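Chains as they are written, first to last, in the working numbering: chain A, 1 to 70; chain B, 1001 to 1385. Note that beta-carbon positions come from the ideal geometry of N, C-alpha and C, so glycine has one too. If you're wondering where the values come from, they're calculated on a predicted model, not measured in any experiment. Shown next, in structure tokens, is the structure this report addresses.
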């Protein structure tokens, strides 16, 4: 298990929405394909929306740019 | 076969009428019928604005089995939604909380704004694809329940067919027009719940008449005698009682609550108590007001949610607590009565009872409204069958 994956699981266990938005964004940046990046960016975007994290704007723009959000 | 009842004798003049038949207090089919005929088709009290004082505050409430979400949205407007995701029908919010950003369904994470708009549908078109041509977000917002705020009560009309609130409640609003001014919930020391083993209607009936006061509330006799009270009846709308000798509560140093502003002389010594049909009991005095929401929990159980309000945000805590305790004592004195009437309705030969033509008109007024609404509901159901 990668260190990032372990931190994501810990954040889920702690129900830490801000950390989840941050960590899934990191996963999106490390992804090797666009589809994989959009999957992780979606995860990050949803948690950012829920906790009103400032990352929501950047994540929305990324997803919209790739036709994944409206 | 669904239970039905004969209501013809209920709608006679008070001097000839019988009260509602037993089944209206103990029967599950009739309770279900009344849920639609009385509580969903009219403006019912659900909560108070003070339950969601800040933007984003959200409280899940089960009202007559229906999962609802009370929320103060980003623009500070109080809204009520069905607490049900438009995707798979999952309950959205399980506990009272502050919504910081979006309401996220815990199942597949569809997200809603606090004003109900569906704002994201993650992976709906496949992994990482959050849109689909067949998923039109503009048609999939949260189902909103028709809502109106008056006297801090969150009134809801579940079936959406009642007349506009201002029209439906016109008489009551006019009657208390002088009290259309800011009032402030006293906070944690000014709210309490009473769970009573009775049908919700018995709490209405007991509240709206003064006939019982000298027997059930003997402490009031010293200054507020039966002859100081008057009946209030507005057929089809509300009923209640008034007193001509309201006396202000005083603290140890003689301190009193401030008055509401600009009241006419009448209110120096008067107070009034209205049962606004179906399930809201209100009281006004020169220096405070209260609200009781009757939340039915089956045919034979009701939760009474009591809230006290003041003209100012800076009232004395000790005096507020004393006032809360005083009213709690009064309302607790009524419990044996409403619970006794409930048990009495298991007497199979009880015919609904006869009214005092002089003293019981407010109760008859409520029964007449109840019977009229049920008859209309039955006629509409028969027509559509």
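| Item | Value |
| --- | --- |
| Uninterrupted beta strand (DSSP E) stretches inside the segment 1147-1224 of chain B (no shorter than 3 residues) | 1153-1157, 1191-1196 |
| CB of residue 1274 of chain B within 8 Å of CB of residue 1203 of chain B, strictly | no |
| Below-8 Å beta-carbon distance, residue 62 of chain A vs any chain B residue | no |
| Nearest residue (CA-CA) to residue 1210 of chain B, options B/1200, B/1232, B/1198, B/1190 | B/1232 |
| Within chain A, partners of residue 1133 of chain B - CB distance below 7 Å | Within 7 Å Cβ-Cβ: nothing; residue 1133 of chain B doesn't reach chain A, min ~11 Å. |
| Per-residue DSSP class, three states only, for residue 1017 of chain B | coil |
| C-beta atoms of residue 1093 of chain B and residue 1078 of chain B nearer than 8 Å | no |
| For residue 48 of chain A and residue 1114 of chain B, the rounded distance between their alpha carbons | 15 Å |
| Where residue 8 of chain A falls, given that 16 or more other Cβ within 10 Å makes a residue buried | buried |
| Pick from B/1195, B/1317, B/1036 that is closest to residue 1370 of chain B, judged by C-alpha positions | B/1036 |
| Helix, strand or coil at residue 1362 of chain B according to DSSP, with G and I counted as helix | helix |
| Within 8 Å, strictly: CB atoms of residue 1195 of chain B and residue 1264 of chain B | no |
| Proximity test, Cβ basis, 8 Å: residue 1111 of chain B and chain A | yes |
| Proximity winner among B/1266, B/1161, B/1313, B/1100, relative to residue 1387 of chain B (alpha-carbon distances) | Outside the displayed span of chain B (1001 to 1385) sits residue 1387 of chain B, for which this structure offers no information. |
| Which listed residue (B/1374, B/1247, B/1239) has its alpha carbon closest to that of residue 1224 of chain B | B/1247 |
| Residue-chain proximity (residue 49 of chain A, chain B), Cβ-Cβ < 8 Å | yes |
| Cβ of residue 1240 of chain B within 8 Å of any chain A Cβ | no |
| Min CB distance residue 1088 of chain B to chain A below 8 Å | no |
| Whole-number beta carbon distance between residue 1044 of chain B and residue 1099 of chain B, since they are thought to touch under 8 Å | That pair is no contact at about 25 Å. |
| Under the three-state DSSP convention, the category residue 1144 of chain B falls into | strand |
| Option nearest residue 1217 of chain B by Cα separation, candidates B/1305, B/1334, B/1322, B/1208 | B/1334 |
| Bridge partners - residue 1290 of chain B, DSSP secondary structure assignment | B/1283, B/1308 |
| Whether residue 1307 of chain B touches residue 1191 of chain B by CB criterion (8 Å) | yes |
| Where residue 1102 of chain B sits in the DSSP three-state scheme | coil |
| First and last residue of the uninterrupted alpha helix (DSSP H) at residue 29 of chain A | 17-30 |
| Contact set for residue 56 of chain A: own chain, Cβ-Cβ below 7 Å, skip 5 residues either direction | 45, 48, 49 |
| Listed by chain order, chain B residues near residue 46 of chain A by CB distance under 7 Å | 1104, 1109, 1111, 1120, 1122 |
| Distance cut-off 7 Å: residue 4 of chain A Cβ against heavy atoms of the ligand HEM | For the structure depicted, the ligand HEM is absent and the ligand set is empty, with no information on it obtainable. |
| Endpoints, the alpha helix (DSSP H) within which residue 1028 of chain B is located | 1028-1034 |
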